[in-house]
Amino acid sequence: MNVDLTKILPYGDTLGDGIVQLSFTLPVALSGAAKEAARQLAAGMGLEEAAVVHAEAISDRFSFYVVYAKCRQGVDLTRVVVSEANTTVLAKAEVDEFIRQRLGRKLNVLGACIESDAHTVGIDAIMNMKGFNGHKGLESYHEINAINMGAQVACEELIRKAYEHQADAILISQVVTQKNIHVTNLTKLADMLEAEGLRDKVLLVVGGPRISHELAKELGYDAGFGPNTYAEHVASFLVQELKEKLAEQNGGPLN
Amino acid sequence: MNVDLTKILPYGDTLGDGIVQLSFTLPVALSGAAKEAARQLAAGMGLEEAAVVHAEAISDRFSFYVVYAKCRQGVDLTRVVVSEANTTVLAKAEVDEFIRQRLGRKLNVLGACIESDAHTVGIDAIMNMKGFNGHKGLESYHEINAINMGAQVACEELIRKAYEHQADAILISQVVTQKNIHVTNLTKLADMLEAEGLRDKVLLVVGGPRISHELAKELGYDAGFGPNTYAEHVASFLVQELKEKLAEQNGGPLN
Amino acid sequence: MNKLNLDQEKIVYGRQLAGNIARGVQQHIDAHTTVSVERAALRLLGVDGVDSAGVPLANVVIDVLNQAGLLGRGALYWVVNAVLQLSLTPQQVAQGVADGAIAIARLPVAPEQEIADMAGNLAEAALSRIRYRRREREQLIAELGKGSEPMIYVIVATGNVYEDAVQAQAAARQGADIIAVIRTTGQSLLDYVPYGPTTTGFGGTYATQANFRILREALDEVGQEIGRYIYLTNYCSGLCMPEIAAMGAVERLDVMLNDSMYGVIFRDINMKRTFVDQYFSRLINGYAGIIINTGEDNYLTTADAVESAHTVLASELINEQFAFLCGMKPDQLGLGHAFEIDPQVPNGFLYELAQAQLVREVFPDCPIKYMPPTKYMTGNIFRGHVQDTLFNVCSVMSGQSIHLLGMLTEAIHTPLIQDRFLSIQAAKYVFNNMRDLAGEISFRPDGFIRGRAVQVLDEAVALLERIDEVGLMQALANGWFAEIKRAPDGGKGLGGVIRREAGYLNPFIPLMLQGGESR
Amino acid sequence: MNKLNLDQEKIVYGRQLAGNIARGVQQHIDAHTTVSVERAALRLLGVDGVDSAGVPLANVVIDVLNQAGLLGRGALYWVVNAVLQLSLTPQQVAQGVADGAIAIARLPVAPEQEIADMAGNLAEAALSRIRYRRREREQLIAELGKGSEPMIYVIVATGNVYEDAVQAQAAARQGADIIAVIRTTGQSLLDYVPYGPTTTGFGGTYATQANFRILREALDEVGQEIGRYIYLTNYCSGLCMPEIAAMGAVERLDVMLNDSMYGVIFRDINMKRTFVDQYFSRLINGYAGIIINTGEDNYLTTADAVESAHTVLASELINEQFAFLCGMKPDQLGLGHAFEIDPQVPNGFLYELAQAQLVREVFPDCPIKYMPPTKYMTGNIFRGHVQDTLFNVCSVMSGQSIHLLGMLTEAIHTPLIQDRFLSIQAAKYVFNNMRDLAGEISFRPDGFIRGRAVQVLDEAVALLERIDEVGLMQALANGWFAEIKRAPDGGKGLGGVIRREAGYLNPFIPLMLQGGESR
Ligand code: B12
Ligand code: B12
Ligand SMILES: Cc1ncc(COP(=O)(O)O)c(C=O)c1O
Ligand SMILES: Cc1ncc(COP(=O)(O)O)c(C=O)c1O
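Those protein sequence lines, which keep their order, are chains S, B, L and H.
Quick note on numbering: the first sequence equals residues 58 to 312 in this note's numbering.
Quick note on numbering: the second sequence equals residues 58 to 312 in this note's numbering.
Quick note on numbering: the third sequence equals residues 7 to 525 in this note's numbering.
Quick note on numbering: the fourth sequence equals residues 7 to 525 in this note's numbering.
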């Protein structure tokens, strides 16, 4: 099977067949016309040979469709640029060693689920001793002073704590994304940090199941982490950023 | 909820949100780049806010994706034209009555799964006494002489039988559609009937789970029937066509 | 129903321990009131609406009384006094306080007995409205019937009450029996109840009285259409539990999420506050014939379902006792239970089945709130649909009655209309296809399932013994539930807890303890 | 395994009836040969390849002999004679016949015994190759192990052997234990076996020896990689059953769809032809240590699964007896069974479970071919995934061993790679999650499940009694299986049936009846 990486197409059972599966609801009763509209919707996505393989009434005002169709427009995988926070994942010992050596004091890391979000399992997975899936959290790092504020922390409160603990880094978790509430919350915090003149003094990191590095950057954060993140990813990012920061302060690369 | 019928969009949980679900496989190993390629594929379909909510390795050469995204291009439902065989479905008695009155003899209907296709349940559902889902088959119509040839009937054999029984209508079932084998088989039959000079003498109907009236017309058939067809649909179509035919022969509408 | 051959004496002993534990807290409860309890009492008397700044009148009045340090006698004492002095309705009094026209603290005070009598009359009138709604429910059910068990319970969560109504009706038409309108994130920490119809929630819709009414109407309408009474559920927890209970009783909700400890553990609400609030809210729910859903299922989102199974059972026994102290009946207790074992665990289903059967046998008369997998759901919606199917299987195999449908998109978004459609379809298929399976099978007496059930029961009783020793507040401080620790004086809302003074007036409490059944 | 407490004497009686029925047909079988049996014999001797017109050499030779009216003595008689006379290999003889260089019918004839001896030697050499492949399989399994039960069986059906190989490997990596390469529609009615690697099937890939080899290599490769021997399945039915058996034995296939009546009922192949063909093909499969899959599951695609359940059991008993007559062992008999009850039937799962448990208890040593829902699958892939899940549940609850995975897209297309992926994932989850459930539960002695099983057994025995009276051919003519009627002299392929003459030579038959186990 010789895959052309410059034009990757979906694969059903034959290279290049482009088969994709779709499902959606239309806000109209089931009818022949609605079924045809479902087909045209898929066709409107540039899909070929769209077949409505299932059409069913949800109620007298909604109908449900399953469609299979062929996508002809491939993606050039060789030109896809992935935006990811950092590449080299360091071992815990390396992280601790770096902080000890270069910073000469513990790294203060503050974490919270801000505003209306109460989903702490994600931030706990990153920060608490126990960690996640056998990957210990930041509390277990000798050279990190990890303070986890938990759920539904108001931005004001977070900032107060950041002053109090002289936070080097702030870790935010946002899980609820309905109606883009996470964007609202994250923007609020970034703006407030800016207004306080704190923004440049801390590394600002956000994570959550729907968070990407790209989105984080857009919102003015230093990094974003999605599903399957472990403490070591965040810790590695923090020390590597720190290294650059220290280097800048000293006017050149350190090692 | 006021639905704009001139621009029907998929409905997730809010009118106009346009949400659709997709899934597909890419013929490459799972990676950050592949995941981004999956997102771009959806974006390439004109979908907005495409979110790859799941990415998983199928093997070291394939990866699977689930995507949710928003479709912005609606369909004007008021302009959708549905191609369907006939609209008025007649009662069995009406069908029989018509044949008795206008034709004055039994209507000869020949049915078969042609060529490589052995799926007889569909044609049996239409033709056999027992019918389907409580809808009796054509055999149960007093004025229809229904001959069901069954599975894997060669076109040659079918044509022989058509002569033998002086078929008024030929009903074909095609269920297997992989690599468009049904199109090949159906085209073959239509061409052979044409060559024999029989095409204009019979009503030629095809049915099957992936058959649409549109496709049937394209292939030179008089009608096509898809899922959930019952004998009465076909019978109604046959007598209504017959009526027109008779009318043409007599140079004007009959009643 | 007796498949596990459990040690009945052990169960009785567990109940005794739980009773001790609940009564320990009840002393604190009987000695206190809260701003929310007092607001709820006002709401029951008909106080509704907001002032020009959008603050609910109930809040305005209670804030005034609280700032004046007068709440220890109960808000009704002051408001009914104003009613008597000014010959106004409670609503007019509240309006007057808000307008600044009435200085409620400075009015002359009528004789104690006179105030109490008037308060008693007003309360009785208010309660007769609730009893009316309760009888209305009973009549509608008698007339239309209701869903057969396991009853299919789904959520709507668009954030817009009008869209919710559309989805709720569609769900009922598809076969849902119970519709829960999920509440927007963050509302539980508001110390007031928003007002009017709302369209701007996040991950849910605001719980307001107007929203309750809109949804009740929508469900009554569709219930008539499809010939089945559809239950309406909302969230009676957070800082305003008692008020929401009052609103729900009046708007004829049928089910309320209403736990004695959920707010403490999962919303960091102060426990002294929540214990008092839960009492008054449950008095109302009990009186209104509402089924409550407790929140033990949530424990298994932060703690492990295999290791912490016994904490769920222990908490269920405590929740039951708290409910009994409010006069609730077993058939009103939808105790929280969840199917949250890591799908990778070998024989995970056997653990789930053991637990599901165990709760059925320990609480034979309670309609367990049987919750689907959530934590181990992923973006793989197809796999998720299978996880939900095994959950459906476990439910019908263990004879559950309130069955919260899992959604294949649990890990992604609040349900789309098609998610709900597919889930209802799947559950109906499983329930019909396996309808009488439970009656056909029995468990090996020396098998894994029975052994596991016995183990969980033993561990739960052992935990109750430990809690009985230290007291429930200390148990919460120790993080014995959900692995979350809460200090007795930490969290939100402690400021709203007020010590009752001698002569504390709240006629609703004794009246409601008499029960709201048809007399 | 004994949960139904079945009447063992009734089972023994059913087996006796089935034995009578099979022996009734065996008289016909022993008196006849077919063009395909003879071609298979040639193929076993190494005759391979096609002539310049693309006709397989085996066909060329047999056609020549048949036209000359010589097949009654067996093709080997003539070909081995040519071998002796011309000192050529059988392949060279065939090539010569095809080229027109050898007039096989007009060669001088060696003494009978000499031909028989030479034929015996050649046959023994051919069979030693098959025994070698059989031992090879045994060694690989000893070395690598194989899938645990229920073994996960999936199909690949791209129509292109190279694409099939890719998909087969991917499936094995995901956890499939058995890969069936579905055959293109229509091949079963070809009276020859196509040649070489093929890429142009419809709904499946041509069964050719080259394709068998390509897939065997692909699976051996992936088996080494993942440390599990992967079984390869193909279709040994249709007009060329015996030849495909010969090819499969040589290419080390592990499983063959191979029924005594499927071709008659579902392909309208003449029954006199099929009975003879199935005998020779099963001799080979038996000898090669191949597991056969019978086709009773198909009955329930045309007949109703509730009403006709007993026809499946009756047919399984007959298929078993036919297999015993070929020297097959119970552990080679993957009897066809299917989960085809209309999902709308209340308690459908109980019917399914009763039937699944019944076949396990009637055939305790057979690896039942446990088939998923197909007929009632629809374009609703989500619902389909749930139907398949209950099927998976039933399998693990009744302790099945060969588990054909259902595909959520069954009603739409042959499986896409993701369909297979999702189905394997789902099955593995269910099997792991419910691994020991079967051992935990028992059925109520007076319950529905046991009652249904007893009823099906009774009806099956009654049907066998009727068949025993009229004979199997008449039973088929009556449409007693699958509600499809077939006349004894109707259908395709009757022309290829030849009465054996005295001195009919086919040393494979006696040799293979000795069994192919390691000696
Ligand atoms: C557990 C849970 C809860 C628990 C939370 C308990 C707790 N203390 O956390 C309870 C029951 C309380 C709850 C409540 C609600 N929930 Co909730 N909940 C979930 C659930 C089932 C699992 C979340 C989880 O714990 N995942 C496990 C963790 C480990 O994963 P994670 O958060 O993604 O974290 C990983 C990464 O994302 C990353 N990460 C996360 N944060 C951070 C931060 C940093 C700095 C870094 C580097 C990395 C990082 O690393 C982690 C480890 O790899 C999900 C559904 C699901 N299966 O995902 C719904 C879900 C998240 N909840 C949801 C909702 C709507 C709610 C409610 C708002 C519903 C309601 N109205 O009542 C409430 C309100 C909560 C609130 N105010 O926020 C929705 C959100 C929908 C959306 N997309 O907007 C979901 C998706 C369910 C659904 N389908 O409706 N919930
Ligand atoms: C039953 C069945 C079989 C049975 C058929 C028995 C028989 N005598 O018919 C058996 C087991 C023999 C079989 C074999 C095969 N099958 Co098959 N089979 C099915 C199955 C499970 C159900 C089909 C069915 O009976 N549907 C019920 C009938 C009533 O529905 P229907 O055909 O759509 O008919 C209705 C309408 O379409 C319409 N209609 C149909 N015909 C006509 C004709 C006229 C004139 C009119 C008016 C209307 C009409 O009216 C009917 C009633 O409403 C489907 C999967 C599925 N669930 O759909 C696969 C399926 C059709 N089979 C399939 C395949 C590939 C095969 C094989 C080729 C596999 C193989 N290589 O071995 C073989 C070979 C058969 C061959 N040579 O054709 C594929 C086809 C894939 C594709 N899209 O190309 C399917 C979809 C399964 C799959 N996912 O792989 N099969
Ligand atoms: C008992 C109980 N109350 C309330 C909620 C909802 O949370 P919130 O209080 O944020 O509305 C839950 C969680 O689903 C619960 O189980
Ligand atoms: C026993 C048996 N043989 C063969 C087949 C396949 O059909 P065909 O003979 O067309 O390859 C089946 C159906 O799946 C079957 O069950």
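Beta carbons are placed, not taken as given, at the ideal position from N, Cα and C, and that holds for glycine.
Beta-ladder partner(s) of residue i, from DSSP
| i | result |
| --- | --- |
| L/Gln22 | L/Gln22 pairs with nothing; no bridge assigned. |
| H/Pro62 | H/Val56 |
| B/Glu113 | B/Phe121 |
| S/Ala126 | S/Val77 |
| B/Val210 | B/Ile171 |
| B/Val166 | B/Ala203, B/Ala226 |
Chain-ordered neighbours of residue i on chain L, where CB pairs are closer than 7 angstroms
| i | result |
| --- | --- |
| B/Asn113 | Per the sequence shown, residue 113 of chain B should be read as Glu rather than Asn. Simply Asn386. |
| S/Phe119 | Ala176, Ile423 |
Residues near residue i in its chain [Cβ-Cβ closer than 7 angstroms; skip 5 each side]
| i | result |
| --- | --- |
| S/Ile65 | Gly131, Val132, Leu134 |
| S/Asp70 | none |
| L/Gly78 | Ile504, Arg505, Arg506, Glu507, Tyr510 |
| B/Glu196 | Met184, Asn185, Met186, Ala203 |
Among the options, the one whose alpha carbon lies nearest that of residue i
| i | options | result |
| --- | --- | --- |
| L/Thr191 | L/Phe208, L/Ile185, L/Asp197 | L/Phe208 |
| B/Ser42 | B/Phe282, B/Glu93, B/Ala288, B/Ser293 | Absent from the structure is residue 42 of chain B, since the part of chain B shown begins at 58 and ends at 312. |
| H/Tyr435 | H/Val86, H/Thr39, H/Gly126, H/Ile158 | H/Ile158 |
| H/Pro379 | H/Phe427, H/Leu306, H/Pro336 | H/Leu306 |
| L/Gln32 | L/Phe286, L/Ser407, L/Arg450 | L/Phe286 |
| S/Glu275 | S/Val262, S/Thr286, S/Tyr287 | S/Val262 |
| L/Leu23 | L/Gly496, L/Asn484, L/Val467, L/Trp486 | L/Val467 |
6 angstroms CB neighbourhood of residue i in its chain, flanking five on each side removed
| i | result |
| --- | --- |
| L/Ile188 | Ile161, Ala163, Gly210 |
| L/Cys400 | Glu358, Leu359, Ala362 |
| H/Arg135 | none |
| B/Gly309 | Interpretation of B/Gly309 is limited by its pLDDT of 48, a score under 50 that renders its predicted location unreliable; no figure is taken from the coordinates. |
| B/Ser80 | Val123 |
Other residues of its chain near residue i: CB distance less than 8 angstroms, five sequence neighbours each side excluded
| i | result |
| --- | --- |
| B/Leu311 | Confidence is the limiting factor: at B/Leu311 the pLDDT is only 40, short of 50, which leaves the residue's position unreliable and the question unanswerable from this model. |
| S/Val110 | Val123, Val124, Tyr125 |
| H/Asn353 | Phe454 |
| H/Ala444 | Val402, Met403, Ser404, Gly405 |
Interface residues of chain H facing residue i [CB-CB closer than 8 angstroms]
| i | result |
| --- | --- |
| B/Gly264 | Here the premise fails: no neighbours, minimum Cβ distance about 15 angstroms. |
Under 9 angstroms from the C-beta of residue i: neighbouring residues of chain B
| i | result |
| --- | --- |
| S/Arg267 | Ala108, Val110 |
Listed by chain order, chain L residues near residue i by CB distance under 8 angstroms
| i | result |
| --- | --- |
| S/Gln209 | Gly192, Leu195, Arg273, Asp274 |
**Report entry** Below 5 angstroms from a heavy atom of ligand 4 - residues by beta-carbon
**Finding:** H/Arg189, H/Ser194, H/Tyr241, H/Ser243, H/Gly244, H/Leu263, H/Asp265, H/Tyr268, H/Gly301
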